[in-house]
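Protein sequences, first through last, are from chains R and W.
Residue 9 in numbering that gives the first Met the number 0 is what sits at position 10 of the first sequence, and the numbering runs on without skipping anything.
Residue 56 in numbering that gives the first Met the number 0 is what sits at position 57 of the second sequence, and the numbering runs on without skipping anything.
Protein chains: 2
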Amino acid sequence: MLGLLNERPQSGYDLTKSFDADIGEFWNANHSQIYPLLKRMEDQELITHKTSIVGQKLEKKIYLITQLGTNIFKDWLHSPSILDQAHDEFILKLYFISNRDNPQIKIMVAEQLQLHQAKLNTLKQQKITKFPDQEHINQDYGHFLVLNHAINREESYLSWLNAIE
Amino acid sequence: MLGLLNERPQSGYDLTKSFDADIGEFWNANHSQIYPLLKRMEDQELITHKTSIVGQKLEKKIYLITQLGTNIFKDWLHSPSILDQAHDEFILKLYFISNRDNPQIKIMVAEQLQLHQAKLNTLKQQKITKFPDQEHINQDYGHFLVLNHAINREESYLSWLNAIE
DNA sequence: CCGTACATGTAACCCGTTACATGATTAA
DNA sequence: TTAATCATGTAACGGGTTACATGTACGG
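Okay, here's the thing in structure tokens:
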């Protein structure tokens, strides 16, 4: 939300739409989560708001990021991202680095390449250890499929990373 | 947890280890989440437990799935799985179908193929609409990378699905 | 005897979804 | 005038992490 408000001041409703659209592909939030969080963030002085009137009397709260919020956001943006199968922070950071020529992209990609390569190596080692022959595969087919899925996931992630730039 | 207890009776500690190991690759849970949940599940009569003594006096609670729990688990296992970028229920179900010859696998795979193919089509259409030329790509590079990532993810998912059996 | 693993719990806190609740604006 | 969209909130509940808290068993 700090990242979105850093791009332009907007309302909770606007933020909700962003999550429904492109960002929602890999990070989701509903309006019932967004409105209370906006309040909490304002308490923490990361954002402020002004009220705008739409039509005759509909009050719309336009939230703006503060200097403190901007600092926190930038610290986050430049911090390393660990691997997490549920939420990919690296992708989210990439989303906010809109400028193609930003040298930060190369650094971040290199970092992720290393992490995912290490993960892939671990998974491949697990496969060799746990499924040395056909008999082990047949005895625990579900586990075998799932391990293959994780390997496939990491391999395609690596090929996507390598294709950046 | 019902799935794991359906395979064999075990303790909360054993369940924790399962999540730390192979299942944790795509679905995680900590012991501080597991112990209270076991109590709640016992209240709901999905599981029961017996106490086993290890060594001199260490009490170990062995949880067993009930008939009700087994029914609920099997209903879940045979229910369709929707797409969810955070938690892949289909993978989890596959994990519990250990028998390679189970005809259910083919049905589930076909279902997922359809869902992921539809998702891929939507994403590709979005890419054409939102990024018709190089200028649009340069203006919103972060969004472009993220969309490509989602497309890449779906394509590799489909190839993995097609490789099953 | 000492460190690692076994074993089980609670507390505080935020994440996230579904449902409940209300009302205004706008375009057909 | 009516339906879709804009706009903002709360409540209940369970998901999930980090930290706090305690004690036993076992192998070297």
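Note that CB positions come from ideal geometry on N, CA and C, so glycine has one too.
Fair warning: this is a prediction, and the values are worked out from it, not measured in the lab.
Neighbourhood of Tyr140 of chain R in chain W, by CB distance below 8 Å: Ile96, Ser97, Asn98 and Arg99, in chain order. The beta-carbon of Asn29 of chain W is placed no less than 8 Å from the nearest beta-carbon of chain R. Beta-bridge partners assigned by DSSP to Ile64 of chain R: R:Ile46. Buried is the label assigned to His115 of chain R, since at least 16 other Cβ atoms lie within 10 Å of its Cβ. Secondary structure of Ile52 of chain R (DSSP, three-state): strand. Contact between Leu3 of chain W and Gln9 of chain W holds, since their C-beta atoms are separated by about 7 Å, short of 8 Å. Between Ile163 of chain W and the set R:Leu37, R:Met40 and R:His148, the nearest pair of CA atoms involves R:His148. Interface residue (Cβ-Cβ distance to chain R less than 8 Å): Glu88 of chain W is not classified as such. Residue-level contact check: Glu24 of chain R touches chain W, since one or more beta carbons of chain W fall below 8 Å from its beta carbon.
Excluding its 5 nearest sequence neighbours in each direction, Tyr12 of chain W has C-beta neighbours in its own chain below 8 Å: His30 and Lys59, listed in chain order. Interface annotation, Ile163 of chain R: in contact with chain W, CB-CB separation under 8 Å. Not a single CB atom of chain R sits nearer than 8 Å to the CB of His77 of chain W. Contact between the segment 103-115 of chain R and the segment 75-82 of chain R is present: 3 or more CB-CB pairs across the two stretches fall below 8 Å.
Counting the other CB atoms within 10 Å of its CB gives Ser158 of chain R a total below 16, which places it among the exposed residues. Going by C-alpha positions, Leu63 of chain R is about 24 Å away from Phe89 of chain R. Thr15 of chain R and Phe25 of chain R have their C-alpha atoms roughly 14 Å apart. Close partners of Asn137 of chain W in chain R (Cβ separation under 8 Å): Arg99. Annotation: Lys126 of chain W to Asp139 of chain W spans about 12 Å, alpha carbon to alpha carbon.
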